[in-house]
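For the sequence shown, the working numbering begins at 1 and goes up steadily by one. Don't be surprised by glycine CBs; every beta carbon is placed ideally from N, CA and C. Just so it is clear, the structure is predicted and the values come from calculations on it, not from any experiment.
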Amino acid sequence: MNDSPGWAPPGSAPSDERGAGVPRPSGPVDSEPPAASRPAEGNPADTNAAGANPAEANPADTKSADANDANGNVAAGQWSPTQPPPGQWSAPASSAPGPGAPPPPAPGWGGNPNPGGHPGWGNQPPQGWVGPQGWGRTPTAPKPGVVPLRPLSVGEVLDGSVSAMRAHWRTALGISLVVAVFVQVVSLLIERFLLPEPITIDQNASDSEILRQSIDAMRSLLVSTAPSAVLGMAAVLFTASVLSVVVSRSVLGRTVTPADVRAEARPRVLGVVGLALLLAVAIVAIMAVGLAPGLLVGSAAGAGLIVLGFPVASVVALWLMTLFCLSAPALVLERQSVGQALRRSAKLVRGAWWRIFGILALTCLCVAIVSVIIGIPFALIGLSVDGGVSNGLFSADPTPTGWPFLLVSSLGGVLISMLTYPFVSGVISLLYIDQRIRREALDLELGRAAGLPGYASNGG
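Now the structure itself:
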């Protein structure tokens with residue numbers, strides 16, 4: 001308990017009456033000091049007797065206690081006469097502050113202590129970190145086009161791709177439609193006239209014969225899907241190269257027409273085609289090399305080689321696809337050769353492979369969802385107009401695919417490609433821009449190109 005004058009803990013009085021528990025003298029107050037503090041005079045025995053029995057001591061002792069109370073002093077172990085009753089304690093009311101008085105503390109925790117005050121219930125020291133005004137609010141990056149000029153998040157990459165295609169949908173969908181129709185026509189002709197008939201598996205044959213037939217069917221499937229895979233990947237890379245012009249103009253907030261795209265991409269068209277075919281053939285070749293040992297052996301050992309070779313080939317193919325995915329926009333926007341574009345992509349991707357792979361995987365998932373949503377109705381329509389194919393689905397002897405089914409499914413493929421090619425191309429182009437912003441401060445160049453205030457003086 002603190003014995004400083006005037007201090008008392010709140011709510012500790014034993015009664016509701018003011019001054020309850022404070023000893024009161026029975027006689028008049030004398031200014032004579034207490035006997036305990038006065039030098040002993042006279043007979044020492046009288047002094048000893050008075051100190052031995054406090055009840056019989058000189059009444060001046062009690063008077064001195066009242067004198068101390070009158071002066072605001074409280075003896076140790078006694079309650080202050082100003083002690084409020086429990087539940088009714090409050091800080092003493094003060095008059096209005098003068099002109100030079102400090103402002104009152106704000107309500108809540110952490111009020112500033114009164115100058116010169118003693119520590120007590122009403123003087124809490126500041127608690128918690130109180131930063132300067134506006135701390136933690138980062139300035140907003142300028143956004144002249146579809147994305148802000150700073151490193152992009154995953155959502156900004158995906159949203160920026162959709163925004164760029166919406167802003168220039170005529171140009172984007174027109175280019176994608178031309179590429180999609182070309183790919184579907186070539187794939188349709190290859191599937192109808194060049195591919196072998198599917199191999200059937202005899203369920204009544206022996207186990208070794210069924211295994212051999214399964215490996216032959218897998219080999220036939222690889223041969224059948226290889227041309228479509230090459231064309232599909234080449235189409236995506238070609239579209240990404242051409243539409244990178246649209247995305248780069250969209251980042252600056254500029255309009256772009258099909259004529260602008262042709263003028264920008266025409267000098268690089270041979271390089272774009274060569275890059276697209278090179279990467280597509282390389283990916284398919286890697287998968288073929290991984291599966292070839294098992295397909296050539298054609299036995300139980302061959303099946304084991306296929307199980308081992310397929311995941312290894314898939315990992316290598318995914319690694320190369322991610323490493324060189326930025327070569328398409330680099331070839332057109334930086335006007336580089338095929339080899340230089342591949343090296344440029346590898347340099348930009350290095351150190352950020354997992355991030356770029358994750359964004360591309362999320363993009364492929366979105367494309368797969370759209371493909372299923374659009375493709376299922378066209379597949380059902382194709383089955384309904386081609387009775388032979390629908391009957392072959394429920395029989396052991398598959399029926400060759402007819403023209404009605406191929407035409408309907410090709411129409412669905414054109415629609416899917418026309419909608420997904422611009423989205424994938426936009427993601428690839430924005431990843432290229434994002435990596436250059438992170439590595440080379442491309443945002444400064446983009447700000448100057450967009451004519452933003454404060455960017456013209458940077459970098460001369």
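Are any of the Cβ atoms in chain D nearer than 8 Å to that of residue i?
i	result
Ser241	Reference to chain D is not applicable here, since this structure consists of a single protein chain.
Label residue i either buried or exposed according to how many other C-beta atoms from any shown protein chain fall within 10 Å of its C-beta, with 16 as the threshold for buried.
i	result
Thr462	An answer regarding residue 462 cannot be provided, because it is not within the stretch 1 to 460 covered by the chain.
Glu334	exposed
Val185	exposed
Pro196	exposed
Ile376	exposed
Phe193	exposed
Leu446	buried
Thr363	buried
Ile369	exposed
Gly267	Reading off the sequence, residue 267 comes out as Pro, not Gly. The residue in question, Pro267, is exposed, as its Cβ has fewer than 16 Cβ neighbours within 10 Å.
Gly412	buried
Thr239	buried
Glu440	exposed
Asp386	buried
Pro453	exposed
CB-CB under 6 Å to residue i, same chain, minus the five flanking residues each way: which ones, in chain order?
i	result
Val408	Phe378, Ile381 and Gly382
Gly271	Leu331 and Val338
Ala280	Val230, Met233 and Ala234
Between which residues of its own chain and residue i is the CB-CB distance below 8 Å, once the five residues before and five after are set aside?
i	result
Gly274	Val338
Ile210	Ile201, Asp202 and Gln203
Val372	none
Val256	His168, Thr171, Val245, Val246, Arg249 and Ser250
Arg150	Ala141, Ile437 and Asp443
Would you kindly report the start and end of the unbroken alpha helix (DSSP H) that includes residue i?
i	result
Asp202	Per DSSP, Asp202 belongs to no alpha helix (DSSP H) and is neither H nor E.
Arg266	That residue, Arg266, is in no alpha helix (DSSP H); it is neither H nor E in DSSP.
Ser345	Val338 to Val349
Arg192	Element bounds for Arg192: n/a, residue is neither H nor E.
Ala328	Ser327 to Leu333
Gly447	Leu442 to Ala449
Give the DSSP-derived three-state secondary structure of residue i in the structure shown.
i	result
Leu237	helix
Leu305	helix
Asp386	coil
Leu152	coil
Gly413	helix
Ala141	coil
Arg219	helix
Tyr455	coil
Gly426	helix
Gly274	helix
Val281	helix
Arg254	coil
Phe324	coil
Gly402	coil
Ala164	helix
Val246	helix
Val147	coil
Gly42	Because Gly42 sits at a pLDDT of 43, beneath the cut-off of 50, its placement in the model cannot be relied upon, and the following sentence gives the value as read from the coordinates. If DSSP states are grouped into helix, strand and coil, Gly42 belongs with coil.
Ala361	helix
Ala352	coil
Under the assumption that residue i contacts residue j (Cβ atoms under 8 Å), give the Cβ distance between them as a whole number of angstroms.
i	j	result
Val157	Leu444	The Cβ separation is near 20 Å, so there is no contact.
Ser463	Ile201	Within the shown structure, residues of the chain are numbered from 1 to 460, placing residue 463 beyond reach of any answer.
Val179	Ala235	5 Å
Ala352	Gln435	6 Å
Ala450	Gly253	6 Å
Ala288	Leu348	Incorrect: roughly 29 Å between the Cβ atoms, too far for contact.
With a threshold of 7 Å (Cβ to nearest heavy atom), would residue i be considered close to the ligand NAD?
i	result
Arg254	The ligand NAD is not part of this structure, which contains no ligands at all.
Between which residues of its own chain and residue i is the CB-CB distance below 7 Å, once the five residues before and five after are set aside?
i	result
Pro293	Leu305 and Gly309
Leu419	Val370
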